[in-house]
Amino acid sequence: MKAKDIMTQHVAAVGPDTEVVTIARLMVDLGISAVPVVDEAGAVLGIVSEGDLMRRKELGTGKRHSWWLSFLTSAEELAEEYIRSHGTHARDVMTSPAITVTVDAAVTAVCDLLDEKHIKRVPVVENGRLVGIVSRRDFVRLLAERDTGEVERDDSAIRNTLDQRVKAQPWAPKTSVNIQVENGVVELWGFVHADVQRDALRVMAETTPGVREVRNHLKVQVTAGLAV
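The opening position of the sequence shown corresponds to residue 35 in the numbering used here, with each subsequent residue numbered one higher.
Written as structure tokens, this is what we have:
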């Protein structure tokens with residue numbers, strides 16, 4: 035799955051000369067938390083988010099520095115803060131350059147980017163032009179739309195899948211857990227070293243296709259060792 039498959043299209047955008055108050059009204063009216071800033075060709079110049087509009091002179095929320103911190107802060111930094119809190123146009127307050135992804139970016143890569151950069155959304159571009167935006171909300175929507183219908187699988191296939199999943203996880207005990215499957219009901223027996231391992235194995239079983247029920251009989255045996 036790619037960015038183009040989950041992105042929100044027909045994105046509201048503004049130009050660099052759009053006034054800050056207009057941007058604020060647009061965000062409130064549309065119920066959105068950020069607006070991309072584009073040039074006449076549709077290239078993304080930056081993005082204005084709620085965070086960019088918090089520190090404002092009009093609200094009395096501009097950054098305040100003690101005299102000694104102001105002394106330690108460079109003139110360039112102080113001037114930039116002044117522009118962001120007093121500027122009246124998108125170009126003054128936008129975060130630039132904006133982080134973007136292409137339409138063919140893998141969804142996993144987009145998710146990693148949002149997580150690593152601590153951002154809530156990312157504009158999607160094609161041939162250098164804005165065509166959409168992917169936000170954390172789109173991942174939530176994707177999860178909500180997933181088909182959770184039951185899948186019929188025989189017990190041996192379920193057991194084999196679980197065995198492979200256990201082997202693939204470094205935290206999972208390899209020799210102290212016994213997995214039994216009958217009529218789609220998984221029973222977990224044996225010992226683990228921590229409650230979190232017990233819960234993780236339950237989740238692993240519950241999310242295995244074909245499983246109808248999980249009965250977790252695992253016992254926690256506290257030792258100094260790691261998963262075995």
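Note that the Cβ used here is the ideal one computed from N, Cα and C, for glycine as well.
Just so we're clear, the structure is a prediction, and the values are computed from it rather than from any experiment.
When the Cα atoms are used, what is the spatial distance from VAL219 to LYS201?
-> Position 185 of the sequence shown, counted from the first residue, corresponds to residue 219. Position 167 of the sequence shown, counted from the first residue, corresponds to residue 201. Taking the straight line from one Cα to the other gives about 21 Å.
Uninterrupted alpha helix (DSSP H) stretches inside the segment 63-128 (no shorter than 4 residues) | 101-106, 109-120 and 124-127
For the beta strand (DSSP E) that contains ASN250, what are its first and last residues?
-> The residue given as residue 250 occupies position 216 in the sequence shown. Here the beta strand (DSSP E) through ASN250 covers 247-250.
Under three-state DSSP, which class holds THR23?
-> Absent from the structure is residue 23, since the part of the chain shown begins at 35 and ends at 262.
What residue range is occupied by the uninterrupted alpha helix (DSSP H) comprising VAL194?
-> Looking up residue 194 in the sequence shown gives position 160. For clarity, residue 194 is Asn in the given sequence; the question names Val instead. 189-202 is the extent of the alpha helix (DSSP H) around ASN194.
Local Cβ density within 10 Å of HIS227, reported as buried at 16 or more and exposed below that = Position 193 of the sequence shown holds residue 227. The residue is buried, with at least 16 neighbouring Cβ atoms inside 10 Å.
Proximal residues to LYS151 (C-beta, below 7 Å), its chain only, five neighbours per side dropped | Residue mapping note: residue 151 aligns to position 117 of the sequence shown, counting from 1. Once the five neighbours on either side are set aside, the close Cβ partners of LYS151 are ILE133.
Sufficient close CB pairs (3 or more, under 8 Å) joining the segment 209-223 to the segment 155-162 | no
Considering VAL137, what are the terminal residues of the alpha helix (DSSP H) in which it resides?
-> Counting from 1 along the sequence shown, the entry for residue 137 is found at position 103. Counting along the chain, VAL137 falls outside any alpha helix (DSSP H), and DSSP gives it neither H nor E.
Residue nearest to ILE192 in terms of C-alpha spacing, selected from TRP205, MET61 and GLU240 = Translated into positions along the sequence shown, residue 192 becomes position 158. Checking every option, the nearest Cα to that of ILE192 belongs to GLU240.
Helix, strand or coil at LYS154 [DSSP, three-state] = Along the sequence shown, one-based indexing puts residue 154 at 120. LYS154: coil per DSSP, three-state reduction.
CA nearest to the CA of ARG125, picked from GLU92, ARG187 and PRO70 | Start at 1 with the first residue of the sequence shown, and residue 125 comes out as number 91. That would be PRO70, whose Cα lies nearest to the Cα of ARG125.
Beta-carbon proximity check, GLN43 vs VAL165, cutoff 8 Å | As a working mapping, residue 43 is identified with position 9 in the sequence shown. As a working mapping, residue 165 is identified with position 131 in the sequence shown. For GLN43 and VAL165, yes; Cβs fall inside 8 Å.
Residues in its own chain within less than 6 Å of ALA139 by CB, not counting five upstream and five downstream?
-> What you label residue 139 is simply residue 105 of the sequence shown in a count that begins at 1. Answer for ALA139: ALA37, listed in chain order.
Which residue from HIS120, GLY85, GLU74 and LEU112 puts its Cα closest to that of GLU53?
-> Working through the sequence shown from its first residue, we reach residue 53 at position 19. Ranking the options by Cα distance to GLU53, first place goes to HIS120.
Backbone secondary structure at GLN231 - three-state DSSP = Taking the first residue of the sequence shown as position 1, residue 231 is located at position 197. Three-state DSSP puts GLN231 in a helix.
DSSP-derived helix/strand/coil call for VAL256 | For this step, residue 256 is matched to residue 222 along the sequence shown. In this structure, VAL256 counts as coil in the three-state DSSP scheme.
Between the Cα of GLY76 and those of VAL144, VAL245, LEU148 and VAL45, spot the shortest distance and give me the residue it belongs to.
-> Walking along the sequence shown from the start, residue 76 turns up at place 42. Minimum Cα distance to GLY76 is reached at VAL45.
So the beta strand (DSSP E) VAL215 belongs to, where does it begin and stop?
-> Sequence index remark: in the sequence shown, residue 215 carries index 181 (1-based). It spans 211-216 - the beta strand (DSSP E) in which VAL215 sits, taken as one unbroken run.
Excluding five sequence neighbours on each side, which residues of the same chain lie with their C-beta closer than 8 Å to the C-beta of ALA73?
-> Residue numbering aside, residue 73 sits at position 39 when the sequence shown is read from its first letter. Ala is not the amino acid found at residue 73; the sequence shown has Asp there. Hits under 8 Å: GLY49, PRO50 and LEU79.
Looking only at its own chain, which residues have a Cβ that is under 6 Å from the Cβ of ARG199, when we skip the five neighbours before and after it?
-> Taking the sequence shown and counting its residues from 1, the one referred to as residue 199 is at position 165. Cβ within range, chain order: MET238.
ARG163 in three-state terms, based on DSSP = Here residue 163 refers to the residue found at position 129 of the sequence shown. Strand, per DSSP.
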